[in-house]
Amino acid sequence: LVFYPIITTFAYSLKRWKLTEPGNIHYIGFKNYIDIITNSSLIKYMFNTLFYAAILIILSIIVNGLAGYALAKIKFPFRDMWVFIILLLMIVPMETIITIHFIMIAKVGLLNTFIGYILPMIVSPFNIFLFRQVFSKLPDELYEAAQLDNCGPIKYFFRVVLPMSKTIVATVGVFTFLGIWNDFLWPSLVFTSDKLLTVQIGLNSITANDTITKGEVLAAITLITIPVLIIYSLFSKQLVEGAMSSGSKEG
């Protein structure tokens with residue numbers, strides 16, 4: 122049942138048809154895919170989004186990981202208050218703060234730039250909370266042993282903490298990728314240049330084109346779905362383990 126919509130979409134993408142003529146369906150093989158690749162900028166939009174996702178995944182793991190580690194292992198004033206604030210921020214819908222993000226990016230002149238698109242999405246309360254939950258379980262003896270080898274806090278984080286937390290790192294990476302890949306609202310506000318558009322904006326422009334057939338639209342949807350299926354098939358185990366490890370905390 123899970124793959125039925127995907128299989129159906131792929132099957133109809135191999136045909137030329139119109140909604141106004143449901144009985145007039147012809148099998149044409151992969152011609153729809155060839156047409157959509159050669160006659161549109163979909164592939165460019167896909168590579169744009171993959172590039173944005175790769176950069177954001179790296180920054181998200183580093184920034185949110187360091188914040189999560191600080192909240193889990195470093196004692197500082199009002200630490201519990203900051204944890205509570207992060208929990209509150211997790212329930213705030215993105216739509217309520219996206220206007221603030223847009224005004225800030227516009228004031229500093231970063232509209233229609235890669236940095237302006239990425240910057241507001243680096244810090245994620247949800248990812249910080251996930252990292253904190255996992256890092257809280259690491260024994261303090263690990264850091265004490267690392268100090269004997271002249272390993273400072275930053276080096277310890279990158280050399281010991283992250284390698285021991287591969288599951289949650291993969292989970293955050295997948296969630297970040299899916300967020301970028303499926304995002305429509307924020308890039309539609311930030312970008313106006315065709316060279317910078319993301320895959321969902323590109324798909325919207327394709328579906329709005331009256332010269333594009335329904336088979337070509339389904340071919341475009343199928344192409345966009347492929348990276349998501351690949352990511353899920355590669356990291357499905359880590360996603361389950363990450364959800365379990367972050368959802369429980371040893372006393």
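Quick note, the sequence shown lines up with residues 122 to 372 if you use my numbering. Ideal Cβ positions, reconstructed from N, Cα and C, are used throughout, including at glycine. None of the values given here were measured: they were computed from a predicted structure.
Nearest-angstrom beta carbon gap, residue j and residue i [assumed within contact, 8 Å]
i	j	result
Pro-308	Tyr-238	6 Å
Leu-232	Ile-226	6 Å
Pro-348	Trp-302	7 Å
Ser-181	Val-293	6 Å
Contact set for residue i: own chain, Cβ-Cβ below 6 Å, skip 5 residues either direction
i	result
Ser-161	Ile-327
Tyr-154	Ala-340
Phe-168	none
Val-320	Tyr-166, Met-167, Thr-170, Ile-345
Beta carbon of residue i nearer than 8 Å to that of residue j
i	j	result
Ile-289	Val-255	yes
Ser-134	Ala-340	yes
Ile-342	Thr-130	yes
Ile-275	Ala-188	no
Tyr-166	Leu-318	yes
Thr-297	Ala-174	yes
Thr-346	Ile-127	yes
Phe-252	Asn-185	yes
Per-residue DSSP class, three states only, for residue i
i	result
Lys-136	strand
Asp-201	helix
Asn-303	coil
Ile-176	helix
Phe-312	coil
Gly-150	coil
Ser-181	helix
Ser-354	helix
Gly-372	Low confidence applies here, because Gly-372 scores a pLDDT of 36, under 50, leaving its location unreliable and the question unanswered by this model.
Phe-279	helix
Phe-131	helix
Leu-318	coil
Ile-195	coil
Phe-124	coil
Any non-hydrogen atom of the ligand SAM closer than 7 Å to residue i Cβ
i	result
Phe-124	Of the ligands one can find in the structure shown there are none, so the ligand SAM has no counterpart to examine.
7 Å CB neighbourhood of residue i in its chain, flanking five on each side removed
i	result
Ile-207	Pro-246, Ile-249, Phe-250
Tyr-277	Tyr-264, Ala-267
Val-338	Ile-327, Thr-328
Phe-124	none
Ser-314	Asn-233
Close Cβ partners of residue i (< 8 Å) along its chain, the five nearest in sequence each way excluded
i	result
Ile-322	Tyr-166, Phe-305, Pro-308, Ser-309, Phe-312
Val-295	Ile-352, Tyr-353, Phe-356, Gln-359, Leu-360
Asp-378	The shown model of the chain, from 122 to 372, leaves out residue 378, and the question about it has no answer.
Leu-177	Ile-239, Met-242, Ile-243, Thr-297, Ile-301
Leu-210	Pro-246
Residue i at chain C interface by Cβ criterion, 8 Å
i	result
Ile-327	Absent from the structure is chain C; it holds one protein chain and no more.
| task | Could I get the ranges of all uninterrupted beta strand (DSSP E) runs contained in the region 324-349, with 3 residues as the minimum, in chain order? | result | none
| task | Go through the region 213-273 residue by residue and report every complete run of the alpha helix (DSSP H) that reaches 4 residues or more, in order. | result | 215-228, 235-239, 246-256, 261-269
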